[in-house]
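In order, the protein sequence lines correspond to chains A and B. Everything in the first sequence is counted per my numbering, starting at 1368 for the first residue and increasing by one. Everything in the second sequence is counted per my numbering, starting at 120 for the first residue and increasing by one. A virtual CB, placed ideally from N, CA and C, is assigned to each residue, including glycine.
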Amino acid sequence: MQELINIFVKSIFIDNMIFAYFLGMCSYLAVSKTVKTGMGLGLAVTFVLTITVPVNYLLQTKILDKGALQWLDPSFVEVDLSFLSFIMFIAVIAAMVQLVEMIVEKFAPALYSALGIFLPLIAVNCSILGGSLFMQERAYATIGQATAFGFGSGIGWLLAVLAIAAIRERLKYSHVPPALRGLGITFIITGLMGIAFMSFMGIKL
Amino acid sequence: MEINKPKEALFSKKNRKLLKDPMNINNPITVQVLGICSALAITVKLKPAIVMSLSVIVVMALANVITSLMRNMIPNRIRIIVQLVVVATLVILVDQVLKAFVYDVSKQLSVFVGLIITNCIIMGRIEAFSLGNTPWKSFLDGIGNGASYGLILIVVSFFRELLGNGTLYDYPVVEKLGLYDLGYHNNGMMLLPPMALIVVALIIWWQRSKTPSLIEKD
């Protein structure tokens, strides 16, 4: 249990998707104009990451890895399908996003109207595919660890987008040099926040 | 009808514009805000940045041509999945080539080769351009946008490697110039991820001061 909490905290603060790896920057810049839209996309990303990372973990360990197909037939011990992982992962993500969209629409219409246009966009958000690829690279031992990592990364993304959206709302009242207005100043603030987040790196978990 | 239409030259003015515009007034990174994710994470050194730019140019040009050829056949509702499959197939090819010929760089790029699939530049240009234009134009658009993406990557990694590590393409420039003997020190901060954002912000600042029409209105 303690291990799961460690992975969870680590993926929120130390390996933060935005401040440490810059994943999902495009949508991060696009939706962070107000806290409300930031919250909507943040929740949707957390939701989809928590589902797709474990599903792709099963795909990786039961089908794609070298020798993973042994449960089907012992003669498959040499089969290595890992070169297919990109296309399989992206297919799972696109399908899961569609499925999640349909389920949310049916059972939680309020949530659906809040997330609205953001759900379909998530299929092409790099942080989702990035989550699955990091899961593959770090080779987590159990599906529990993979889920903790996916959930933690999503929460980390949500925190980052909320923080920058709140700052940008206040920024409207300050005097920024014209050429830096909008995109430029957001980059600089994200950089400074990234430096602040680096102070978490000293924590050993 | 078709016969009367004058045939457009391969490099007409309009087509040259497709190549040239992304370099400045329509730059994918600093103006369209696409493809930031990978642009920032792999610019610590010049070599991975160059390999990454080449891969993106190849994937982008081919993906644009393929989707443009299929543009009248793809049903509108499932076009995102079709595009993803085309791009993912091309990225797998690029990944296998990189693993075969430049294994060390491919290790350094780690997940970012795979992330070309969801690189917003590629999906963005397919959606915005190649679904409505002929293959040759889409090809030029792909090369133009890919190359200007690469340009930013190379500029950023040039400064980060030179100031942070004192080398250029792994060649020890600062040491050869003898600056260390004069008491010069590398600025290790340039190697940290957040500095990439600040270097890009400076590029945006410089570009917008030069071209005031790009300044954002509130």
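By the rule that beta-carbons nearer than 8 Å mark a contact, A:Ala1387 touches chain B. It is roughly 12 Å from the alpha-carbon of A:Glu1445 to the alpha-carbon of A:Leu1431.
When 7 Å is used as the limit between beta carbons, B:Thr208 is near these residues of chain A: Ile1454, in chain order. The three-state reading of DSSP puts A:Leu1486 in helix, counting H, G and I together.
Inclusion of B:Leu138 and B:Ile262 in the CB contact set at 8 Å is warranted, their separation being smaller than that value. Taking 8 Å as the cut-off, the Cβ atoms of B:Val206 and B:Ile241 count as close.
Taking C-beta separations shorter than 7 Å and ignoring five residues to either side along the sequence, the partners of A:Ala1533 in its chain run Val1402, following chain order. If the five residues before and after B:Ile322 are omitted, its C-beta is found closer than 8 Å to the C-beta atoms of Thr149, Ile271, Val274, Val275, all from its own chain and listed in chain order.
Distance from B:Tyr288 to B:Leu165 at the Cβ level is roughly 5 Å; contact confirmed, criterion being Cβ atoms closer than 8 Å. Runs of alpha helix (DSSP H) with 4 or more residues, each lying fully within the segment 1489 to 1554 of chain A, are found at 1493 to 1505, 1510 to 1538, listed in chain order. Note that the C-beta distance between B:Val178 and B:Ile245 is not below 8 Å. Rounded to whole angstroms, B:Gly283 and B:Met309 show a C-alpha spacing of 5 Å.
Under the criterion of beta carbons closer than 8 Å, A:Cys1393 and B:Ile199 do not qualify as touching, at roughly 15 Å.
In the DSSP assignment, the residues bridged to B:Leu287 are B:Tyr290. Around the CB of A:Met1568, fewer than 16 other CB atoms lie within 10 Å, so the residue is classed as exposed.
Taking C-beta atoms under 8 Å as the contact rule, B:Gly265 and B:Val175 qualify, at a distance of about 5 Å. Between the C-alpha atoms of B:Glu280 and A:Cys1493 there is a straight-line separation of about 26 Å. Between A:Phe1516 and A:Ile1374, the CB-CB gap stays under 8 Å.
Using a Cβ-Cβ cut-off of 8 Å, A:Glu1536 does not count as an interface residue toward chain B, since no Cβ of chain B sits closer than that to its own.
Nearest CB-CB separation between B:Pro312 and chain A: below the 8 Å threshold.
Sixteen is the threshold: when 16 or more other Cβ atoms of the shown chains lie within 10 Å of the Cβ of B:Asp260, as they do, the residue is buried. With a cutoff of 8 Å on beta-carbon distance, A:Arg1548 and A:Ser1399 are scored as not near each other.
Annotated three-state conformation of B:Gln151 is coil, per DSSP. When C-beta atoms of the segment 1417 to 1436 of chain A are compared with those of the segment 1445 to 1460 of chain A, three or more pairs fall below 8 Å, so the two segments count as touching. Taking 8 Å as the CB threshold, A:Ile1522 stays off the interface with chain B.
Pairwise C-beta distances place the segment 245 to 257 of chain B out of contact with the segment 157 to 171 of chain B, as fewer than three of them are shorter than 8 Å.
Judged by DSSP in its simplified three-state form, B:Met192 adopts coil rather than helix or strand. Apart from sequence neighbours up to five positions away, the residues of its chain that approach B:Pro141 with a beta-carbon distance below 7 Å are Pro147, Gly263, Asn264, Ser267, ordered along the chain. Within chain A, the C-beta atoms nearer than 7 Å to that of B:Ala160 come from Tyr1388, Phe1389, in chain order. Using a CB distance cut-off of 8 Å, B:Leu153 counts as an interface residue toward chain A. At a cut-off of 8 Å, the C-beta of A:Leu1466 has no neighbouring C-beta in chain B.
Non-local beta-carbon contacts of A:Leu1538 in its own chain, meaning distances under 7 Å to residues more than five positions away in sequence, involve Ile1552 in chain order. The Cβ of A:Phe1380 sits no closer than 8 Å to any Cβ of chain B.
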